[in-house]
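Chains as they are written, first to last, in my numbering: chain A, 1 to 511; chain B, 1 to 362. Even glycine gets a Cβ: it sits at the ideal position worked out from N, Cα and C. Only a predicted model underlies this, so the values are computations on that prediction, with no experimental measurement involved. Heads up: the structure comes next, in structure tokens.
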Amino acid sequence: MTSPGAVAPIVRMTGIAKRFGDCQAIADASLEVAAGEIHALVGENGAGKSTLMRILAGLFPPDAGTVEVSGHDVTGWSAAEAIRASVGMVHQHFMLVPPLTITENVILGREPRRGLSIDMPRAHREVAAAADRNGFRMNVRACVRDLSVGEQQRVEILKTLVRGARILILDEPTAVLSPPEVQELWRVLRALRADGGTIILITHKLDEVTEISDMITVMRAGRTVARFPTAGASPASIARAMVGRDVALMTEAPVPQPPAAPRAAAGGLEVRHLVVAGERRARAVDDVSFTVAPGEIFGIAGVEGNGQSALIEAIVGLRRATSGEIRLGDRDITARSVRERDALGLAHIPEDRHRRGLVLDFSIADNLILGRQREYDRRGSLDRARVLADARAAIERADIRPSDPELPARALSGGNQQKIVIARALARDTAALVAAQPTRGVDVGAIEQIHARLRAARDAGTAILLVSAELSEVLALSDRVAVMYGGRIVSIVPRAQASQETLGPLMTGAA
Amino acid sequence: MSDAATASPAPAPARRARVAEALLPPLVALLVSVVAGDLLILAVGQSPGAVYRLMLEGTWGNAYGFAQVLYKTTTLVCTGLAVAVGLRAGLFNIGAEGQLAAGGLGAALVGLALPAGTTGLIAIPLCTVAAFAAGGAVGYVPGVLRARWGAHEVITTIMLNFIVLAFLSWILTGRLRVPETVHTHAIHAGALPRLSAWWAPFHGSAANASLFIVLVAAAATSWYLFHTSRGYELRAVGLQPEAAESGGVNVGNTWIRALALSGALAGLGGINFVLGYEHYYEEGFATGAGFLGIAVALVGRSNPLGVVLAALFFATLSQGGLAINALVPKQMVDALQGVVILAMAASVPEVRRLLTLRRRAR
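Put into structure tokens, the structure is as follows:
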């Protein structure tokens with residue numbers, strides 16, 4: 001993949017391969033990035049994007065291939081060398097110390113000194129100047145823990161820039177941002193580009209790619225498979241390159257049909273004046289009420305950290321409600337255990353499959369029976385034959401790959417892991433389903449399939465509560481849409497009246 | 001459907017590779033400890049070959065020595081299983097020492113309470129259950145403390161060792177002991193036959209039929225962990241408590257159950273000395289065996305079969321230490337045990353790394 005352009009690329013990675021244990025993360029990847037461009041590195045989850053960029057940032061060496069930066073061969077360099085050569089990476093998970101101020105976080109490890117102590121006035125001055133120069137509006141004396149996620153991300157970017165980064169790598173930077181915060185990020189990135197900086201943006205969101213980038217490199221299954229200028233590329237063509245075939249894009253999804261006629265006697269899910277305590281706040285969920293009718297998808301949009309996790313955990317029984325009532329059909333389930341709620345027909349797709357959804361070291365088959373294990377008891381021991389037979393059927397139905405039920409869940413890609421979680425939740429008729437971030441970290445092809453399964457469950461009469469940080473997902477699936485902010489439901493509207501434009505401001509508490 | 005799925009780079013980890021990963025670390029640790037042992041022996045001016053020959057002759061080389069190895073193995077299997085069950089549930093039970101002693105006194109109390117001449121068919125099961133229950137009761141306490149109040153089991157099991165041993169000592173010295181000794185009177189019923197009753201060359205050795213009871217316990221533990229729904233829940237809680245909780249498993253109750261079972265298995269070890277060997281409870285009858293159980297469980301990879309093999313190994317070392325005392329100080333064996341544990345802890349990640357490298361090279 002040699003560019004015909006006369007200008008030598010500032011980053012050139014050729015024939016990169018990297019293997020972790022049994023997993024060939026990157027098979028053959030090449031990347032060329034010109035100075036002063038915003039380069040989108042796109043691909044499905046598990047395609048190897050983050051791994052490729054971590055190699056560039058010096059976090060680990062490639063098994064094969066060469067890395068050149070500004071014309072020098074730097075293959076296998078260390079993270080410290082990468083920083084010295086102006087390559088900086090902003091990770092998905094922030095590396096900030098919450099109780100410290102913005103200034104303290106930014107200068108950490110390179111504090112200006114006066115004698116034995118830190119020269120704080122000078123530090124504040126310098127960090128504030130750097131923030132101004134880069135167009136960040138922030139109070140450098142504020143504590144990081146008091147900042148919104150978007151602001152924390154800007155601190156992380158500022159930290160990288162202050163360390164002298166001219167080649168900035170951002171790993172899925174918009175995953176935790178509300179739409180207005182995303183726009184703010186684009187403003188910052190465009191300013192950096194105007195200033196001569198080079199930006200590599202890892203993402204799997206197609207609208208972002210077309211909106212912000214100049215060039216696109218597509219990865220699939222550990223290989224770079226396409227490279228083209230953004231101008232002239234359509235989301236559909238990018239998706240085709242990512243997946244290797246045509247896919248139905250979420251944004252093109254039809255407006256959902258009105259809910260099917262509720263099945264007789266089925267009750268749905270109801271939450272009345274629910275208050276739930278959180279780790280830091282006494283009222284993480286603050287007087288929330290709503291109903292989800294059978295055969296309806298009720299979507300809750302909102303920036304993460306506004307009480308959604310506490311709400312979900314209270315509904316499925318993982319966290320005690322301070323006050324209020326949760327009803328499933330005509331039963332009050334507020335005081336019931338997780339197991340009892342499950343037995344009454346309340347299924348759950350947890351928001352974090354690695355933490356709550358799967359026992360990663362268990363086999364696929366063992367994960368598929370989690371929560372139902374006692375039903376497989378036969379004369380005192382687990383009926384292995386039936387566990388495996390049911391697992392094979394579920395693997396076939398949900399198209400989980402690879403299809404060996406004895407493989408540990410850890411060996412699967414994110415999308416296939418999520419299919420295990422969803423197959424388990426939908427394994428039998430459920431009255432209600434709490435689906436939290438059902439497609440987080442899942443590739444485009446699997447998203448399509450997971451959405452189809454949720455719609456099918458809805459059409460079969462299940463009351464579905466969908467909680468997602470992806471506004472587009474909420475809009476694509478829901479029959480009614482609510483917005484959660486600061487622990488409260490600030491708005492509930494029918495799908496037809498909901499749009500990115502009307503909901504975006506609500507998500508930031510602006511309305 | 002998608003290429004995405006086939007693309008996921010996850011070739012089946014060959015079963016053989018998994019077996020290699022399970023077996024290699026103990027072998028590497030063994031090798032390292034042999035080398036370290038060589039150096040230690042050379043340092044005191046002896047020939048490693050002579051010392052190892054003596055060690056083998058004193059253990060596997062003659063019937064008495066081998067029977068003594070079996071005797072020591074019996075207790076270590078119990079404490080090793082105890083620690084292994086805890087580890088499977090994600091809990092570190094450091095209290096096997098006290099649980100083992102409690103089990104011994106439990107067996108002795110029942111054996112003393114039964115009328116003399118009670119048939120072994122009744123007395124042996126009763127005494128065995130008493131040992132099991134006494135250890136289980138001691139394990140239950142840190143289980144409840146952890147589940148209800150979040151008290152960390154490492155702290156509570158360590159501290160409980162002191163409390164339990166002091167309590168047992170108080171009971172013993174208060175009313176039970178034979179004057180001028182630290183042991184009880186001989187039990188009236190429940191004594192287990194020595195192995196020498198069946199095979200004369202074992203004569204003089206303490207090895208007894210509790211070995212068989214303990215091996216059955218190891219098999220039952222394996223069945224419980226890997227073939228029952230409760231064992232499934234225990235392992236799920238150990239690997240990922242939050243996922244188990246989401247699946248409706250009561251994590252706190254599973255912790256209590258696991259620590260009670262862990263304590264019970266340690267307590268079972270008490271029958272080896274009390275029912276099988278001296279027929280009375282004696283203070284300090286198995287000092288160190290509880291803590292050595294941690295090493296047994298680590299080297300046995302928390303797998304009941306592995307625990308049995310590791311117990312056999314540590315028992316050999318321990319008995320071998322007596323045999324080589326003429327040439328080198330027997331404390332050398334303690335040092336070797338330490339080396340094995342350290343080498344084991346270091347070799348697990350190291351072996352995994354090397355296996356990965358080798359696979360990549362192919």
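Chain A contact for residue i (CB, 9 angstroms cutoff)
i, result
"M250(B)", "Per the sequence presented here, residue 250(B) reads as Asn, with Met not at that position. Interface residue, yes."
"S246(B)", "yes"
"W223(B)", "yes"
"E97(B)", "no"
"E350(B)", "no"
"A219(B)", "no"
"A20(B)", "no"
"A243(B)", "yes"
Buried or exposed (CB count within 10 angstroms, at least 16 for buried), residue i
i, result
"W255(B)", "buried"
"T184(B)", "buried"
"R177(B)", "buried"
"N253(B)", "exposed"
"R378(A)", "exposed"
"S229(B)", "buried"
"L39(B)", "exposed"
"R401(A)", "buried"
"E81(A)", "exposed"
"G196(A)", "exposed"
"E181(A)", "buried"
Residue(s) in a DSSP beta bridge with residue i
i, result
"G299(A)", "L466(A), V481(A)"
"H72(A)", "V69(A)"
"D332(A)", "R327(A)"
"M89(A)", "I169(A)"
"V339(B)", "Its beta-bridge partners do not exist; DSSP assigns none."
"P229(A)", "M215(A)"
"G45(B)", "G45(B) is not bridged to any residue."
"E282(B)", "H183(B)"
"I38(A)", "I199(A)"
"P408(A)", "S363(A)"
"I349(A)", "A435(A)"
"S381(A)", "R378(A)"
"R12(A)", "E32(A), E68(A)"
"I489(A)", "M484(A)"
Three-state secondary structure (DSSP) of residue i
i, result
"E242(B)", "helix"
"P402(A)", "coil"
"D342(A)", "helix"
"S289(A)", "strand"
"E473(A)", "helix"
"N208(B)", "strand"
"D28(A)", "strand"
"M95(A)", "coil"
"V182(B)", "coil"
"V249(B)", "coil"
"I122(B)", "helix"
"D443(A)", "coil"
"I94(B)", "coil"
"P62(A)", "coil"
Contact with chain B by residue i, beta-carbon distance below 9 angstroms
i, result
"R356(A)", "yes"
"P112(A)", "no"
"L177(A)", "no"
"P350(A)", "yes"
"D390(A)", "no"
"D28(A)", "no"
"V316(A)", "yes"
"V359(A)", "yes"
"F362(A)", "yes"
"D366(A)", "yes"
"D342(A)", "yes"
9 angstroms Cβ cut-off: residues of chain E touching residue i
i, result
"R339(A)", "Among the protein chains of the structure shown, namely A and B, there is no chain E."
Open item on the list: By the 7 angstroms beta-carbon criterion, what residues does the segment 369-385 of chain A contribute toward chain B?
Closed with: L370, G371, Q373, R374, Y376, D377, G380, S381, L382
Open item on the list: Using a Cβ-Cβ cutoff of 8 angstroms, what residues of the segment 225-239 of chain B are near chain A? List them in chain order.
Closed with: H227, T228, S229, Y232, E233, R235, A236, L239
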